[in-house]
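Visitor: Residue numbers (the numbering used here): 1 to 434.
Quick one: structure below, then a few questions.
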Ligand SMILES: Nc1ncnc2c1ncn2[C@@H]1O[C@H](COP(=O)(O)OP(=O)(O)OP(=O)(O)O)[C@@H](O)[C@H]1O
Ligand SMILES: [Mg+2]
């Protein structure tokens with residue numbers, strides 16, 4: 001993987017017209033893209049290539065003819081991969097501060113592209129397994145934008161997010177329609193699966209089954225022929241086993257990736273002084289992307305790094321003390337990461353102003369996995385639509401909501417539990433010891 005400096009050198013060569021074919025190949029491999037937007041991700045930079053805009057990469061700004069040349073080349077590379085009209089591309093967008101994780105995505109990609117060890121004629125299923133908030137869905141969404149992956153699956157990328165209680169039939173119908181069949185109506189999952197199988201039998205499509213909680217929910221989506229692949233994301237390793245998937249165990253970020261996420265979410269480079277404290281903070285939250293987002297939101301809100309670290313440590317210790325005796329031996333490292341995530345949620349919630357915390361608590365009345373639309377939330381909160389949008393944006397800015405298609409938003413299920421508890425239990429002490 002070229003370093004940011006190497007990437008900048010490639011872009012400089014493009015701007016001056018002295019680039020080589022291998023520069024383009026290197027760029028192609030490391031350009032993640034979002035067909036819906038004019039943004040490409042190159043190394044750690046988000047590059048806006050919209051018409052007439054200057055292009056900024058790190059501290060270098062390309063303007064005028066340089067920007068035009070760069071834009072033309074990036075567009076060409078982008079167009080090679082942009083799905084053709086009529087070819088489904090259902091993956092959700094990447095966060096604007098997406099941090100590539102080549103250490104894991106390269107291995108997973110190799111698995112997806114080759115399907116080693118599987119006899120011909122068999123649909124290959126792979127699963128990404130790992131803790132909540134560790135970045136499974138994001139990794140899958142990034143893979144669907146990889147140029148080699150797109151080339152391997154020219155018939156499209158189908159995506160279904162299941163959650164705990166999926167409406168399997170309507171998700172299957174969504175796939176059938178995405179493949180161009182608007183006539184088919186089915187009242188049973190079996191008929192829909194079998195029809196999907198017919199539509200996909202000679203196609204090469206990547207079928208992503210995101211956030212699976214039950215093998216019975218996954219099976220109906222295993223409908224393609226042997227040119228298709230199914231990619232499942234799940235918190236439960238047993239699900240992968242039950243659907244015959246080869247398992248990829250996703251671990252937390254590396255310290256450098258964690259730092260890049262903090263910088264990206266803050267929208268600025270860290271000062272030399274901040275870096276050491278930021279590293280310590282990343283360690284305390286166990287390098288979990290979701291916990292890092294929460295922490296960055298607090299820092300962006302003006303909470304000093306040191307104070308955040310201190311409070312997180314105190315909260316993790318408090319949660320550990322609440323665990324039943326012996327629990328720490330069972331989950332050890334994994335359990336500690338889970339507690340770090342919960343501690344991060346608790347801190348973020350405690351720092352909310354009272355009325356915002358109350359808004360958050362009302363999310364607990366909603367069913368799990370529901371998509372939060374401004375209209376629905378205006379009813380739940382009893383507010384006007386503008387106020388509702390503000391509140392939703394506020395919660396999202398504090399990383400208490402997950403982006404879906406911005407909006408609707410989603411609520412992490414651990415946060416849903418917390419909201420429900422806030423509604424039904426007496427308020428938590430504001431500080432430890434209160
Ligand atoms: N590589 C990354 N770069 C930037 N942000 C990331 C990255 N990976 C994850 N995140 C952020 O961390 C949060 C959690 O990631 P994600 O939703 O992918 O986790 P998950 O493992 O799918 O969790 P769950 O089990 O709850 O579905 C998201 O808000 C996402 O934006
Ligand atoms: Mg997920």
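Here a beta-carbon is modelled for each residue, glycine too, at the ideal position from N, C-alpha and C.
1) Buried or exposed: residue 138, going by 16 or more other Cβ atoms within 10 Å of its Cβ?
2) Taking the alpha-carbon of residue 76 as reference, which of 64, 25 and 104 has the nearest alpha-carbon?
3) Roughly how many whole angstroms lie between the Cα atoms of residue 93 and residue 407?
4) For residue 226, is the beta carbon positioned less than 7 Å from some heavy atom of ligand 2?
5) Cα separation between residue 111 and residue 183?
6) What separation, rounded to the nearest whole angstrom, lies between the Cα atoms of residue 396 and residue 375?
7) On the premise that residue 232 lies in contact with residue 91, defined as a C-beta separation below 8 Å, what is that separation, rounded to the nearest angstrom?
8) Which parts of the region 277-356 are runs of the alpha helix (DSSP H), unbroken and 4 residues or longer, counting only runs that do not cross its ends?
9) With residue 209 as the anchor, note down where its beta strand (DSSP E) starts and where it stops.
10) Apart from the five residues just before and just after residue 423, which ones in its own chain have a Cβ nearer than 8 Å to its Cβ?
11) Can you grab the Cα-Cα spacing for the pair residue 156 / residue 227, in whole Å?
12) Residues in the same chain with beta-carbon distance under 8 Å from residue 204, minus the five sequence neighbours each way, listed in chain order, please.
13) Pick helix, strand or coil for residue 432, following the three-state DSSP scheme.
14) For ligand 1, any of its heavy atoms closer than 7 Å to the Cβ of residue 143?
15) For residue 61, report the span of its beta strand (DSSP E) as first-last.
16) Here's the rule: buried if 16 or more other CB atoms are within 10 angstroms of the residue's CB, otherwise exposed. What is residue 61?
17) Given residue 250, which residues of its chain have a CB within under 7 Å of its CB, disregarding the five upstream and five downstream residues?
18) To which residues does DSSP link residue 46 through a beta bridge?
19) What does a CB cutoff of less than 6 Å around residue 97 pick up in its chain, not counting 5 residues either side in sequence?
20) Taking its Cβ as the centre, do 16 or more other Cβ atoms sit within 10 Å of residue 434, making it buried, or is it exposed?
21) Can you tell me the Cα-Cα spacing of residue 202 and residue 225, whole angstroms?
22) Can you list the alpha helix (DSSP H) stretches of 4 or more residues lying completely in the region 111-148, in chain order?
23) Roughly how many angstroms lie between the CA atoms of residue 390 and residue 19, to the nearest whole one?
24) Using the Cα positions of residue 388 and residue 399, report the straight-line distance between them to the nearest angstrom.
25) Return the CA-CA distance between residue 312 and residue 176, expressed in angstroms with no decimal places.
26) Quick one: grab the DSSP three-state call for residue 7.
27) Please output, in chain order, the residues near ligand 1 using a CB cut-off of less than 6 Å to any non-hydrogen atom of the ligand.
28) Quick one: what does DSSP say residue 258 is sitting in, helix, strand or coil?
29) Could you tell me which of 336, 89, 126 and 243 sits nearest to residue 214, measuring between CA atoms?
30) How many angstroms separate the CA atom of residue 218 from the CA atom of residue 171?
31) Check for me: the beta strand (DSSP E) holding residue 231 runs from which residue to which?
32) Quick check: what's the CA-CA separation for residue 289 versus residue 66?
33) Expressed to the nearest angstrom, what Euclidean distance is found between the alpha-carbon atoms of residue 357 and residue 281?
34) Does DSSP put residue 157 in a helix, in a strand, or in coil?
35) Grab the span of the beta strand (DSSP E) containing residue 56 for me, first residue to last.
36) Can you give me the C-alpha to C-alpha distance between residue 275 and residue 285, rounded to a whole angstrom?
Guide: With the structure as the only source:
1) buried
2) The option with the nearest alpha carbon to residue 76 is 25.
3) 12 Å
4) no
5) 35 Å
6) Taking the Cα positions, residue 396 is about 16 Å away from residue 375.
7) Not really, about 14 Å apart at Cβ, beyond 8 Å.
8) 289-300, 305-322 and 327-350
9) 206-212
10) 361, 362, 364 and 365
11) 12 Å
12) 152, 153, 154, 155, 227 and 228
13) Residue placement at residue 432 cannot be trusted, given a pLDDT of 43 that sits under 50; what the coordinates show is reported in the next sentence. Residue state, collapsed to three classes: coil.
14) no
15) 60-62
16) exposed
17) 104, 128, 129, 130, 134, 135, 136 and 139
18) 41
19) 264 and 265
20) Only weak support is given to the placement of residue 434: the predicted model assigns it a pLDDT of 41, under 50, and the question is left unresolved by the model.
21) Distance between the alpha carbons of residue 202 and residue 225: 6 Å.
22) 136-143
23) 46 Å
24) Taking the straight line joining both Cα atoms gives about 17 Å.
25) 46 Å
26) helix
27) Result (chain order): 95, 97, 98, 99, 101, 130, 132, 133, 134, 135, 136, 137, 138, 211, 233, 235, 261, 289, 290, 293, 402 and 412.
28) Three-state result, residue 258: helix.
29) 243
30) 11 Å
31) 229-234
32) Their Cα atoms are separated by approximately 35 Å.
33) 24 Å
34) DSSP places residue 157 in strand when its eight states are reduced to three.
35) 55-57
36) 15 Å
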